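Here is the structure we will look at, set down as structure tokens.
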Amino acid sequence: MENNGEPPAIIEFDDMILPPFPPLLEDAKKRFQEMRNLECRKDDVILATYPKSGTHWVWEIVCMLLKNKAEYSKETKEFLFLEAVPDISIVDNVSSPRPLNTHAPYRWLPKQHIENGGKIIHVLRNPKDVVVSLYHHFDNAKEFGEVPYFKTFCENMYNGSGQVMGGWFAYEKEFEQAEANDTCSAIFTVQYESLKKNTIQEINRLARYLDVDVNDEVVTEIADKCSFKKLKEANATLKDHSNVSKLHPKAEQFALKVYRKGEIGDWKNHFTVAMNEQFDSKFQEEMKDSKIRVQYE
Ligand code: A3P
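The opening residue of the sequence shown carries number 0 in numbering that gives the first Met the number 0; numbering runs sequentially from there.
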């Protein structure tokens, strides 16, 4: 899908701007319905995140915990990326427990999984770092369309147009409401910043949630192997990216760039004082009824 001067395809569905994955380009509604109606197993684990919240990182930790072994999976998380796999029935052939993952908002998560009280791991990252990470992600893909200056990019992201997956505010508020009201679901939230600051403690919390009896030595090894530097290296050297290539001819190039900086607070290198004030007031307005407390540093 080279960009021959044509504007990039924009896929809009159910108040979301979607990435140009083949199944979404073909029929986004169909794929979202397939996800919603996915036949689930009781021990499935769904990793549900807003893009750029640390999905790859947590996916790798979850895979290691499910194996009770600090061993990288050869696959990348994309092989169980529900909105992007070429055919959703692919997941039927994967042995249990399946670490499924998606950026779809809560209302589109598999209904049966929610009714089963299945495990849902949600990663929350501060939205200033999310928008910086997303900006660089798009900037890596600028051959598909012009990326505006960071200031305009942010304003678009927070004030209306260009709301990837419906926007951070809507996505996180919907999750918060589901956690409060949905009696069936068993949502576990991990904050990117807590995982970064207290890695061992947070991995232990994840293990308890997953009912994995893991010893301290394995937890320490998982933390080490999933550190930014080591995971970045493993991604470049050990992973089979063939599933990623199926998502998009250029997807592998982005997959290698997912591991960009991996820090808390890179937003300070991108936001001016004025932009920060504007963002804070937008956050207050949007999240006035929310109990979500994000960590900016
Ligand atoms: P940055 O762009 O700020 O570096 P996702 O996997 O949801 O696309 O999120 C990608 C973000 O998670 C990127 O953020 C990436 O660097 C960061 N990330 C990936 N692995 C990480 C790790 N082991 N530790 C900390 N951050 C990590």
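In this text, a Cβ means the ideal position worked out from N, Cα and C, and glycines have one as well.
Keep in mind that this is a model prediction, so the values were computed, not measured.
Asked, Found
"On the DSSP letters alone, give me the boundaries of the alpha helix (DSSP H) that VAL131 sits inside.", "126–139"
"Name the residue from ARG30, ALA140, ILE60 and LYS29 whose alpha carbon lies nearest to the alpha carbon of ILE199.", "ILE60"
"Measuring only from the beta carbon, is TRP266 closer than 7 Å to any heavy atom that is part of the ligand A3P?", "no"
"I'd like to know whether the C-beta of TYR49 is nearer than 8 Å to at least one C-beta of chain D.", "In the displayed structure, chain D is absent; only one protein chain is listed."
"What's the call for GLY4, buried or exposed, on a 16-neighbour Cβ count within 10 Å?", "Any reading at GLY4 needs caution, since the residue's pLDDT is 45, under 50, leaving its predicted position unreliable; the model's value is listed next. The residue in question, GLY4, is exposed, as its Cβ has fewer than 16 Cβ neighbours within 10 Å."
"Can HIS55 be considered in contact with the ligand A3P, in the sense that its beta carbon sits closer than 7 Å to one or more heavy atoms?", "yes"
"With 16 as the cutoff for other CB atoms within 10 Å, does ASP91 come out buried or exposed?", "exposed"
"Does the ligand A3P have a heavy atom nearer than 7 Å to the CB of ASP128?", "yes"
"For LYS73, tell me which candidate among ASN234, MET34, VAL131 and ASP279 has the shortest Cα-Cα distance.", "ASN234"
"Nearer than 7 Å: is that true of the beta carbon of LYS196 relative to any heavy atom of the ligand A3P?", "no"
"Quick check on DSSP: helix, strand or coil for GLY4?", "Model confidence at GLY4 stands at a pLDDT of 45, short of 50, so the residue's coordinates are unreliable; what they give is reported in the following sentence. Correct three-state label for GLY4: coil."
"What does a CB cutoff of less than 8 Å around ALA103 pick up in its chain, not counting 5 residues either side in sequence?", "PHE31, MET34, ALA47, LEU81, GLU82 and MET164"
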